[in-house]
Structures are given as structure tokens and as C-alpha cells.
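K.L.:
The working numbering numbers the first residue of the sequence shown as 175 and each following residue consecutively.
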Amino acid sequence: MLKTGNRGIAGIAAVFLILALAVILSQADSPLISPVLEYGNNLSWDPDNDGVEGITGTIDMTVEQSSFGDLSEDRMCTLWNATLLDFATGLYALTCSGDEPCCNVLFNLTAAEGDYWNSPMTLTYRKYYGGEEDSPSYITNHNYSVKATLAFYNSSFNTSATSNSLEAEFFDDLSPEITVISPLDGGYSNPNLNVNFTIIDDSPIASCCLVVDGESNCVDAIENGENTITAQSLSDGQHTWQLNCSDVWGNEEITPEYAVTVVSQAPLIKLGSPAEGEFLLEGGRNIIFTVNSSLSTNCTMTIARNGETTYSNLFVSAGLGPQSQGFTLGHGNYTINITCTDQVSNRANITRNFRVSNISLSLNKEGYELNEPVVITVSPLLSKANLTITRQDLLNNVQPTFSEITSELINFTKTQFAGEYVINISAFYDHQQINLVKLFSISNSLSPRLTTEKSVYDTWEGVLFTLNASGGTEPYSFDLSFGDGANTTTTESYVSHAYERSGSFEVRLSVKDKYGNVNSIVKSVKALNPLLIITRENGTDALLNSTGIEVSASSIEFAYTNSSGLADLKLREGWYNLTATKSGYLSNRVEFYINKSMSITVYLTKITDQDTTPPGITLTSPDNNAQQNTSLRFSFRASDNSVMSCTLQTKSTGDWTDATGAKDIASGSETSFDLTLNPGTYTWRVKCSDAAGNTGYSGERTLTVAATELVELAQIDSSQDSEILRRVDELITHFSTIGEAEGEVVDELDISNQLDRYKFRIQTIQRDLNSLEDRQLSDDERERERSRILTQLEEVKQEIPSDIRVLQKKELTAYPTREEINNLSAEYAAIVNTSSLRRNPKAFADRNNQLQNMVTITAKVIVVEVSYLFRETETISLVIKRIKTDADPGSASLVDFIPKDIAQDADEIKFITEPRILKKDPVVEFDLKDDGTIKYVIKKAIDPERISELKSLAVVKDIKDRNIAITGWPIATIATTASILGLDPNDRRQVSLFILVILLVLGYIMYQFAIPHRLSELVLKSKKKMAALRQIAIKAEEAVNDKNWEKASMFYIEMKLIYETLPETHRDAMYERLAKIADSVNFGFVEQTAKAIEHEAAEGNMEKARQLYAELADAYERLTPEYKKKIAKWGMDIYWKLQREGVIDKLPEASQEAKAEKEAARTDSNTSLQLVSIWKRKL
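1. Where does the unbroken alpha helix (DSSP H) through His908 begin, and where does it stop?
2. Going straight from the alpha carbon of Leu408 to that of Asn391, what length do you get?
3. Using DSSP's beta-bridge definition, name the partner residues of Ser841.
4. For Glu238, I'd like the list of residues in its chain whose CB is within less than 7 Å of its CB, leaving aside the five on either flank, ordered along the chain.
5. Is DSSP giving Pro441 helix, strand or coil here?
6. Looking at the structure shown, is Ser409 part of a helix, part of a strand, or coil, going by DSSP?
7. Looking at Ser1122: is its Cβ nearer than 8 Å to the Cβ of Leu986?
8. Count the other CB atoms within 10 Å of the CB of Pro975; is the residue buried (16 or more) or exposed (fewer)?
9. State the beta-bridge partners of Pro704 as determined by DSSP.
10. Is it right to say Glu747 is buried, meaning 16 or more other beta carbons lie within 10 angstroms of its own, or is it exposed?
11. In whole angstroms, what separates the C-alpha of Trp254 from that of Asp376?
12. Within its chain, find whatever has a CB closer than 6 Å to the CB of Ser846; leave out the 5 residues flanking it on each side and keep chain order.
13. Is Phe501 helix, strand or coil by DSSP?
14. Could you tell me the distance, in whole angstroms, from the CA atom of Ala256 to the CA atom of Thr296?
15. From Asn803, Thr850, Leu822, Thr804, pick the residue whose C-alpha is nearest to that of Ala812; which is it?
16. Three-state secondary structure (DSSP) at Val422?
17. Compare the Cα-Cα distances from Arg941 to each of Ile963, Arg931, Asp930 and report the closest residue.
18. For the stretch 1014-1077, which segments carrying the alpha helix (DSSP H) assignment without a break, of at least 4 residues, lie completely within its bounds, in sequence order?
19. Suppose you measure from the CA of Ser615 to the CA of Lys1230; what does that come to, to the nearest Å?
20. Expressed to the nearest angstrom, what Euclidean distance is found between the alpha-carbon atoms of Glu227 and Asn364?
21. Going by CA-CA distance only, name the one from Lys1016, Gln972, Leu641, Ile939 that's closest to Arg961.
22. Taking the Cβ atom as the reference point for each residue, do Leu654 and Leu620 lie within a distance shorter than 8 Å?
23. Taking DSSP as the reference, what is the three-state secondary structure of Val210?
24. Can you give me the C-alpha to C-alpha distance between Asn598 and Asn609, rounded to a whole angstrom?
25. How would you label His671, buried or exposed, when you count the other beta carbons within 10 angstroms and need 16 or more for buried?
26. From the DSSP output, which residues share a beta bridge with Phe326?
27. Whose C-beta lies closer than 7 Å to the C-beta of Ala840 among residues of the same chain, with five residues either side of it excluded?
28. Using DSSP with H/G/I as helix, E/B as strand and the rest coil, what is Arg675?
29. Can you list, in chain order, the residues of its chain whose CB lies under 7 Å from that of Thr1047, leaving out five sequence neighbours each side?
30. Given Thr709, which residues of its chain have a CB within under 6 Å of its CB, disregarding the five upstream and five downstream residues?
31. Around the C-beta of Ser896, are 16 or more other C-beta atoms found within 10 angstroms, so that it is buried, or is it exposed?
32. Compare the Cα-Cα distances from Ile781 to each of Asn769, Ala800, Gly758 and report the closest residue.
33. Rank Trp634, Ser667, Ala1128, Asn215 by C-alpha distance to the C-alpha of Pro649 and give the top, closest one.
34. Do Ala1264 and Leu1286 have their C-beta atoms closer together than 8 Å?
35. Would you check if the distance between the CB atom of Asp421 and the CB atom of Ala380 is smaller than 8 Å?
36. Given a cut-off of 8 Å on the beta-carbon distance, is the pair Cys251 and Ala322 in contact?
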């Protein structure tokens, strides 16, 4: 094929213009060129020379048969012109071959290199002379029109001639090109087989057929490019398919056969958890599901919470096996969706709805009143749940209330009992057991009311108390304590009581309702001694009206006599000064003591009756020629018909000087003046004047005042009648007659006995001082000893109280809550830090909680102002705690937790009851005494309202760490002759002989254990001791089973002695067994003593029966609650039987209560825990 060039239309026009001009100029005489254009003879190109070829062929044309005369062939060139007829505008192509100047000059073209004028021109599909078409469109057939122009050129001549045109046509003879995209050979499909392929052809595609298993699915007129043909509803299994496509020229292409497996089964999704509508608890959760598919599968999981998508994830499943996805789920309503599509587009999905929340337990209120329903809400309640409501009472462990609930709202109406309650809900949710706990309290709304007609009564006057109550559940029972030691229990609304002595009494009313709820109030009632004062004229006995009466002690009472000369006052017990004054009469003053209803007659002397008698005066102290220190007290007695004014006069040199004085001194009363004098020698006397102006003088006395301690020595050494000892005697008398409120403090502080001890101590110091001169001491030693003795004297003097005054008082009975007991137990355990407490602190707290049920602690704080003889007044706070307990006092102790702002440390406290100081903050521990009283003094005033902050905890003693005797261990000597059953004297002699044997055995054992070197021989190593204990325990248990209590007691004593030698770490193993034997022996003694009581009563020996009953009650107290429960009904039967037989007296005011207790003991074994207190009261 010749190379062709392409020129613009302008070039073509220029060429034709040049040719035309050349033809015109040379037409006449130019040589003739005859072009001949024909198809070429090249057999490789268009071999049939018809100008028609397929698009892969070539059409050749030649001008080699043209003639050009004698023109030089070397100067020849041929211009080829080809026009593509398929375009509307036509496309032209020009190329020149042959002589270069010819091509350049004549046609303005460059000659194709290596071509000659007769070189053939070749055409191919979409080419003109080798050039590309300008249009990118695919043209099915290309038709060309080709012309050739032959030309000659030299520098002087040129000529050309154009041939006729020849046609050239190309047609499509290629099959379409098919590329299969999917499915691949051996692949998979769903029942609708979608074959995706690409087809390329230069001609339009007439049709394509998808042939499946020989059956065609055809589509007409598809476009070149990517296409899809579908064969629908194929059966599952193996199939073959191929594509057959043809273009508009009938060119056909058939693909090879492909294999495909049709799968119609969509993936199978199983969602194991959660189930539809399931309730899940908040928190971590695994969503577990299984996808079963024979093909590779893509799955998408979405989770929506309250309608909003919170999670979406695409993952690929291998086709088989469990899947798990972890999530943290919060409160809400959830929808989970899993959609899976396999590789052939089979699709499946599953949707679950579930709920996530925490189950809640709530109440409609925090606190409730008695008989108020409690509304309990359990949400959500998806299944049945068990409800337990337990009341935790300070006195009893109440049996819980059980029920099965099926509703979210529960009304609890058993609210007749005040106290703390615990709600427990047990349910099965989310494949697990759920327990919910809620606390609530029912406050004690039981309200007692106590009223009297007035607040002040006379002694022995009947006080009518009105008793009422509200709240709780009727009927009510009233327990009234009158404050003077008397009390009563009644169901009546009115009670009368008379006070035998004066004072202010705190009356406590406790009310109990039908269900045992108790509340109390306190009311103050004052009882005073009525005093009738009669005023008469001296000498005539005439009654004097309008006489002013002034009675003074710590306060002043004032009245006037009426027209009958009488005046009424009401006074507390004590010493008083009474002064009577009336115009025209001399006043009179008398001193009196009142402790009951009484009358006093006071005589007044008329001033008109001339009184010329001066007062008589007797000096009492100091003695004449006494030696005193600088602080002195002068005492005297004056007597007259009227009150007096007296003056103490002194002189050292010169005239008398009035040192001090007083007015309104009653006749016959002792009066004292306190005075400070400088060292020296003085003479002193007392001058008194009466209402009539008469003046009298006492005798004179001399004293020496010195500043040295030798004066004190001389004072004490003189005699037992010295000033300090006399004052102590006076104080003893004073404190024995002090008022009621102060008298309580005197008794609690044991002030009278303290004064006796101070007196004895002073006398001892006197003796020591008097003996100094007789002792063989040097002067220096004697002086040092004297100084030491005098220091002791000074210390004693500083402690001597002269008076007390009660400022404030508060009494409180309170019960700690369980939380307080737990907290205080933990604090105590942390301080004591013993091994057993460290091992099981919870058990210790639980035991203490049980102990509080058996203990009542009443606390009292009295703020007292104390005056002293030789130092300044101070204010103290006396703390008294009285403990009533049904427990063995030896098994418990009382721990006081005192706030630091009340007492900084233990040094600020004076302990009357000796404690163990656990912590100086302070925390102190007291052993419970038989009288159950604990006392101490805080050395400053505290607010009595803070009494509740002085926390007390009854603590179970730590037996294993403290080596304290086990509660319930018997005493060998308890089996006295009076308490052992003996039906005749021979029996008693045998028992007495048995007791003698026991005592001998005990003596021998104690003798052996008392010798240290023998102890080391008798006490075996721990393992041998344990073996010995076990052997003895077996014998003791056999004796218990045989009810041979004497033998069991002997074995028990032997066990106890060995037990106490064991290391503490080995005691645990035997403790329970040993305690059980002790309980059994005690139980046997109770049973044996009861038989002895019945025997003695039958014999008529009532006094001995009463003694045995007292021993029976004491033995009962040593029993543990378990054994007490065993004999609850039996014990009450014994009581009532002995009462009928006259062994014990019937209670005068508690018959109804006793019947109720008897009935309760018969029907409810729980009341056995109360029998100790009942028996004590009966005794």
C-alpha cells in the first residue's frame, strides 16, 4: 500500500487551480497524457479485482497502463484522490507519488518516499492511503471513490491528466468478540441464572442467545459493551450454558459450554440469644447466632435502640458455624436484625425485639406510721418472684413474711409493729438469680398522754393521774412509774398515788398497744410539805394578823398571816430560817427542819413592853490561845427574844475594830464569820444588838496568826477537836440532811464515806506528826519527813467538799440501732485487735446484736457545782449508767465511747467504777457488776442534752482470747444439802458423803495444779491433752445420758482444769463440747432442784421450798437460751403450781400480766427468753 498524505481543502484548491492554469497555457501544444486507472493485479490484494473486500482485506489500484508519449518517466508523478462516500460531507485524501519536484510544484505535496509514479495505491478498512479516519464511529461498510491524476514537470514544461474514478468497498466479515464476566465455569447461581458478558463488534449485533441445557433464551439488538441475559426458574443442580451471538452481517460467535450449579436455598439464620421479647439486664452481652449456608455468605447485623440505629456491621461468614458478637447494652428497647446474602444472591433475615433494663425495687415513701400500708413496686416483673419482709426488732427477731408475687405493685399491710424492716425480692431474670434488698422503717406513732389536775401537791395528798394514748392498735396497757420507787401496770384510764416525801418527781408513763409497740413520756410532779405558821403575841398568846413571814434557804418564800394569824407555805424537805416581822413588834427569827406536814408558832414581843435584856453570846471557835494561819473562821451562838445584828471585833494593839458583821441572826443558831488576818497576836470578841437596841458582848479570846506550816501542825496536833476535824464532822451531818436532788449525788459519789476516810487520814497524819520527835532522825531527815507529811495533809484538805448544788439533770433510756452496734463493734474490734476478732469480726458483731436484745441501759447525767473547804468551787458532770440484763454479767462487758469534745482524754475523767482504758480518746471498758451500775465523773460541765452522745455497747467477752470463764459453767458447791432431793435422812447422808468426796477430789486436783513443778508433769503436750479431754468428755456425756448429774459434774470439773491449760489455739476444738456438757449439768440441776421443791412442799417445809426456788431461778439464769427454751412451759407450770401450794406469793398488782405470761409460755416457746426477768420479778 502506498503511503498517503492528507492536505487541507485549501491545498487541494491551489493544486486544481495550478493544473487548470497549466492546461490552459499548454493545451495547444503539450503532449497528451492518457491516464488509465484500474484494479491492481496483486493476488494478495483483492485477488478477484472487483474492488470489494472484507474489513480485514486490502484493495489495490494502479495507473501503470497509462500512456504519456515521450515524456520522461523520471519527471512523472501521480496524484491520488480518494473520497469516503459514507460521510455526508465526504472525506478526502490526497497523496502524491513519483518525482519530488513534480509533486511539490504541481500539487504542493511531498512525494511519498520510495514510490514511483506507477506505484499502486492500496486501501484498507477505515484508512485512506494509510491515514486514519477523522470520525471515531464504527462504520459497518466503507465505500470509496478513487481518482488518479498523472502529471509531468520540468523547469520549462508541465502537463497533467485525470482518470475516471473507481469504486472500492469494504464489508464486515468478523464474528463478534464475547468475554464472559460471570458466572465462571463451575460457579454457582440462584434459579435465575444471570450471565453477565461483554460483546465487541464493528457492526450492530443482531441477536444474542443464552443456551441452557440446549434451551435458548434470546435477546435482539443488544448494544456493544457489557450486557446481561437471564434464564429464569432453573432447577437446583448442575447445568450447562453457552452464548450464541450474531451481528447484522450474520457473523456468529458461540462461546464454549460452561458448567453452573443452581442453588435455590437461602442461608438459614438461627438467633440463639436474645429470644423474642426477652428481658436482659444492663451490661455486657454476647449476641449469639448461627448461619448455615452451602455458599460463601455476607451478613449484616444492625441493632436499633429505641428506634435509632446504634450499631451496623458487615461481615463475611464462611458459610457454616456459630457467630458471636459482644456488646455493652444500656437501658432501652432494642431491635436486632441480621440479613445474610450468599454468593448467588439468595437472601434471608431475622429480627428480634428485646428489652434491656435493671430490675428495680422501690417504695412509695421512705418512712411509715403504724398501720399505714407500704406500697412496694418491683419493675419490671417478668415472672413470678418471691417476696420476704423481715422485721428487725430490738427485743425480738420476728419471723419473716413470705409471699409469691405476680404483680409489680404489692401492698404490705402488716404494719402493726414499729421497727426496722428489710424487703428481699428474689426472682430469676436473664438466666440468673436476682436478689433485691430495700429497707424501710415504721415509726412508733403510739403517743401516750399523762395529765394531772395540778403540778404541785402536798405530801400524802392523792395525785390523780389521767392516762391516755393515741396511735397504734387498741387495747392499751399502761406502765406508770411514779418517780419515788413505786410503779403500777394497768389498763384503766385513772390511777391515784400519794407521795410520802417532798421533792420533784419524774413520772414516766409507758404505753403498750395490742401488738407490743411501746412509747413513753415523762411528766414532773412536785410534792411539798405543807407548813402552817401561827403568829402570836408574846405573853398574851393573841393571834397576830398581817405578820410578814419570810422563809429562806436556797430561795425565799414570803407570805402574810391572815386575820386568824395563820399563813400557809409549801416547802421541800430541809433546814429553813423563818423571820416574822410586824409593825410595833420586835421581829423574831427561828430555824426549823421540815420533812412532813407541820406547824410552827412564832412569838413576837410588843415594842411597848420594854426589852432591857441584851443578847447572850457564846464563842465556839477558835479556842482561846489558838494558833491559826492567816485564813480564819470565827463561830458563835447568840440568843435573844428577837433577831439580832452581830459584829466581829478584833484588836492587836489599841482600840477594838469592827472586822465584819451580819444582820437578822436568829436566836440560838450558830453563826460564822470568815476573816483573813496578817500574822500577829489578836484579841477578838462578838458584839450583838437586838431589835430593842440592847447590846451584848461576848467574852474575849486571844489567838496567834502565823504564816508558816507549823501553825497547821500545831492546829492538828492539838486535839481531835481541832477546827478541821470539827468541820469534817459538821459536813458529815450536813450532807446527811441535804435536799433530795443533792442527796442523790451524795449517795452516788459516796461523799459521807469519803469524809469519814478524810477524817481518818487526818488523824493518821496527826499521829505521824506527833511521833516525829520520838523517831531516831537527824534534823534534816526530820524536816524532810515533816514536809512530806504536811504535803499529804494539804492534798487531803484540797479534796474536802463543803457543799454541792445540782445545776442540771437528764436521764435517758435508749437502744442503739443495728448499724450503730455494727459500727461500734468494728471500732472496738480494731482497738482490741485480738486473734479471734480478726478471724471473724462479723460473728462478733452478730453476737453483740443478740446481746443488746437482753440489755437495757439507762444513762443519767447530773451537772453539779461542788464547793470545797480549801479550794475554789468547781463544776463537774456525774455520769451514771444502770444496766439491766438477762445475760450472765460475767459473759459481757460495757464499752463507753466518749466524744473528744466532751472529754479530751481519759485524764479528764475520774472513774468511780474502775475501767480498762482501751484508748485515751477515750474508749473505756467496764466489767458488768452484780448491781449493774457504772459511774464516772467528767471534770467539767457538759450539756445534759448530749447524754445520747455517750455511746455504750454491751460487748460479748472474747472467751478464747481473754481466758474468761465460759458462761453456763456450773459451780460444784451448788448442790447443797438444802437443794438435793432426799426422800429420807439416809438419802441425805449419802448425798452429803458424795459432796465430801467431791470436795476431796477437788482439793487433790487443786493441790496438784498448785505446785509449779508438779504442773509440768501433769499437763501433757497439746495432742495428749486433747486426747485426754475427749476421753473425759465421752464419760461426761455418758453420765449426762444416764442423768447421773453428780458424776457428770465431776467429769466436767476435770475437763475444765485441763481445758484451761490448753494453748488458746487448741481451745476452739473443745469449747462447744465443753459448754454443752456444762449446759446439760445445769439443766440437770434445775430438774433435780424442781423435784426437791415439790418434795419439800409436799412435806410442808415451805421455807426450805422457797430457798430451793431461789436456787432454781439462779440456776435457770445460767442456762443458755437453747436450754431455757426446752423448759419454758415446764418452768411456768412449776411457778403456778408452787404459787397454788403457797411456796411463793402471788404478785399483788400483776395478776392479769402473770396470766398472760403463763398463757404465752404455754403457746409460744419464744417467750422462754423472757422467763428470767419474770422469775426475778416473782421472787
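Cβ coordinates follow ideal geometry from the N, Cα and C atoms, glycine included.
P.N.:
To lay it out plainly:
1. Numbered from 1 along the sequence shown, position 734 holds the residue referred to as residue 908. Where His908 is concerned, the enclosing alpha helix (DSSP H) stretches over 897-910.
2. Within the sequence shown, the letter at position 234 stands for residue 408. Within the sequence shown, the letter at position 217 stands for residue 391. Rounded to whole angstroms, Leu408 to Asn391 spans 12 Å at the Cα level.
3. To locate residue 841, count along the sequence shown from 1; it is residue 667. Beta-bridge pairing links Ser841 to no other residue.
4. To locate residue 238, count along the sequence shown from 1; it is residue 64. For Glu238, where only same-chain residues beyond five positions count, the Cβ hits under 7 Å are Asn292.
5. Along the sequence shown, one-based indexing puts residue 441 at 267. If DSSP states are grouped into helix, strand and coil, Pro441 belongs with coil.
6. What you label residue 409 is simply residue 235 of the sequence shown in a count that begins at 1. Ser409 falls in the coil class under three-state DSSP.
7. Position 948 of the sequence shown holds residue 1122. Position 812 of the sequence shown holds residue 986. In this structure, Leu986 lies closer than 8 Å to Ser1122 by Cβ.
8. Residue mapping note: residue 975 aligns to position 801 of the sequence shown, counting from 1. By the neighbour-count rule (16 or more Cβ atoms within 10 Å), Pro975 is buried.
9. Position 530 of the sequence shown, counting from 1, holds the residue named residue 704. DSSP output for Pro704 lists Lys744 as bridge partner(s).
10. Numbered from its first residue, the sequence shown carries residue 747 at position 573. Flag for Glu747 reads buried.
11. The sequence position of residue 254 within the sequence shown is 80, counting from 1. The sequence position of residue 376 within the sequence shown is 202, counting from 1. Approximately 28 Å, taken between the alpha carbons.
12. To locate residue 846, count along the sequence shown from 1; it is residue 672. Same-chain partners within the cutoff: Arg807, Ser809.
13. By one-based count along the sequence shown, residue 501 stands at place 327. The answer is strand: DSSP assigns Phe501 an E or B state.
14. The residue labelled residue 256 in the question sits at position 82 within the sequence shown. The residue labelled residue 296 in the question sits at position 122 within the sequence shown. Straight-line Cα distance between these residues: approximately 11 Å.
15. Residue numbering aside, residue 812 sits at position 638 when the sequence shown is read from its first letter. Of the listed residues, the one whose Cα sits closest to Ala812 is Leu822.
16. The residue you call residue 422 lines up with position 248 of the sequence shown. It is coil, neither helix nor strand.
17. The count along the sequence shown starts at 1 and reaches residue 941 at position 767. It is Ile963 whose Cα lies nearest to the Cα of Arg941.
18. 1015-1026
19. Here residue 615 refers to the residue found at position 441 when the sequence shown is read from its first residue. Here residue 1230 refers to the residue found at position 1056 when the sequence shown is read from its first residue. Roughly 46 Å separates the two Cα atoms.
20. The sequence position of residue 227 within the sequence shown is 53, counting from 1. The sequence position of residue 364 within the sequence shown is 190, counting from 1. Glu227 and Asn364: Cα-Cα distance of roughly 47 Å.
21. On the sequence shown, residue 961 is found 787 positions in, with the first residue counted as 1. The question names Arg, yet the displayed sequence has Ser at residue 961. Among Lys1016, Gln972, Leu641, Ile939, the Cα nearest to that of Ser961 belongs to Ile939.
22. The sequence position of residue 654 within the sequence shown is 480, counting from 1. The sequence position of residue 620 within the sequence shown is 446, counting from 1. Their beta carbons are not under 8 Å apart, which means Leu654 does not touch Leu620 by this criterion.
23. Position 36 of the sequence shown holds residue 210. Val210: coil per DSSP, three-state reduction.
24. The sequence position of residue 598 within the sequence shown is 424, counting from 1. The sequence position of residue 609 within the sequence shown is 435, counting from 1. In a straight line, the C-alpha of Asn598 is about 7 Å away from that of Asn609.
25. Within the sequence shown, residue 671 is the residue found at index 497, counting from 1. Its Cβ being crowded by 16 or more others within 10 Å, His671 is buried.
26. Mapped onto the sequence shown, residue 326 falls at position 152. Per DSSP, Met250, Thr333.
27. What you label residue 840 is simply residue 666 of the sequence shown in a count that begins at 1. Cβ within range, chain order: Asn751, Arg763, Val764, Glu765, Val817.
28. On the sequence shown, position 501 is the one that residue 675 refers to. Three-state DSSP puts Arg675 in coil, outside helix and strand.
29. In the sequence shown, the residue the question calls residue 1047 occupies position 873. Answer for Thr1047: Glu1039, Val1040, Ser1041, listed in chain order.
30. The residue labelled residue 709 in the question sits at position 535 within the sequence shown. The answer, listed in chain order, is Leu718, Thr721, Thr735, Gly739, Ala754, Val776.
31. For the purposes of this step, residue 896 is taken as the residue at position 722 of the sequence shown. With 16 or more other Cβ atoms within 10 Å, it is buried.
32. Your numbering for residue 781 matches position 607 in the sequence shown. When only C-alpha atoms are compared, the closest one is Gly758.
33. Numbered from its first residue, the sequence shown carries residue 649 at position 475. Considering only alpha carbons, the answer is Ser667.
34. Stepping through the sequence shown from its first residue, residue 1264 is reached at position 1090. Stepping through the sequence shown from its first residue, residue 1286 is reached at position 1112. Yes, these two residues count as a Cβ contact at 8 Å.
35. To locate residue 421, count along the sequence shown from 1; it is residue 247. To locate residue 380, count along the sequence shown from 1; it is residue 206. Yes, the pair counts as a contact, with Cβ atoms nearer than the cut-off.
36. To locate residue 251, count along the sequence shown from 1; it is residue 77. To locate residue 322, count along the sequence shown from 1; it is residue 148. No, the pair does not count as a contact, with Cβ atoms beyond the cut-off.
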